[in-house]
Amino acid sequence: MESMKGQGGIQMLQTAEQEAQQIVSTARNLKLKRLKQAKDEAEREAALYRSHMEAEYQSKLSETTGSSGSTVKRLEEETEVQIKKLKETSSKSSPEIVKLIINYVTTVKN
Numbered sequence: 006m007e008s009m010k011g012q013g014g015i016q017m018l019q020t021a022e023q024e025a026q027q028i029v030s031t032a033r034n035l036k037l038k039r040l041k042q043a044k045d046e047a048e049r050e051a052a053l054y055r056s057h058m059e060a061e062y063q064s065k066l067s068e069t070t071g072s073s074g075s076t077v078k079r080l081e082e083e084t085e086v087q088i089k090k091l092k093e094t095s096s097k098s099s100p101e102i103v104k105l106i107i108n109y110v111t112t113v114k115n
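Take the sequence shown: its position 32, counting from 1, is numbered 37 in the numbering used here, and each next residue is one higher.
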């Protein structure tokens, strides 16, 4: 009879061990599932942050590019105005300079 009780006790221990293994296995699976969810959520947040930062960068880039484009246009206009003034000035003083050069070339000094 005692051997029956011993076998029944062993059987109970084996059943308890199997249940414990099942509980540990379930807990492991739940833990892995939560880790995967956390990883997926972190990746989504990182992608969202990355896209936000990229949009902000593109915005700043377009602002600086746009302003430098207008700056270039303004500088080109100012340059054209200055070139025009120089041409006008040189055309006005050109006859005088030609006279002066001819006078120096043709005048003989002893």
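Ideal Cβ placement from N, Cα and C applies to all residues, glycine included.
Computed from a prediction, not measured in an experiment: that's the story for all the values here.
Residue ranges of each beta strand (DSSP E) within the segment 15-72, 3 or longer: none
Coarse secondary structure for T112, derived from DSSP in three states: Against the sequence shown, residue 112 aligns to sequence position 107. In the structure shown, the three-state DSSP call for T112 is coil.
Proximity test, V110 beta-carbon vs the ligand GDP heavy atom, cut-off 7 Å: Looking for the ligand GDP in the displayed structure turns up nothing, as the structure carries no ligands at all.
E83 to K92 span [Cα, whole Å]: Locating residue 83 in the sequence shown gives position 78, counting from the first residue. Locating residue 92 in the sequence shown gives position 87, counting from the first residue. Going from the Cα of E83 to the Cα of K92 covers about 14 Å.
Same chain, Cβ closer than 8 Å to M6, five either side skipped, listed in chain order: The sequence position of residue 6 within the sequence shown is 1, counting from 1. Note that M6 scores a pLDDT of 46, beneath 50, so its modelled location is shaky; the value from the coordinates is reported in the next line. There are no such residues.
Y62 versus S30: straight-line alpha-carbon distance, rounded: Position 57 of the sequence shown, counted from the first residue, corresponds to residue 62. Position 25 of the sequence shown, counted from the first residue, corresponds to residue 30. Cα-Cα distance, rounded: 47 Å.
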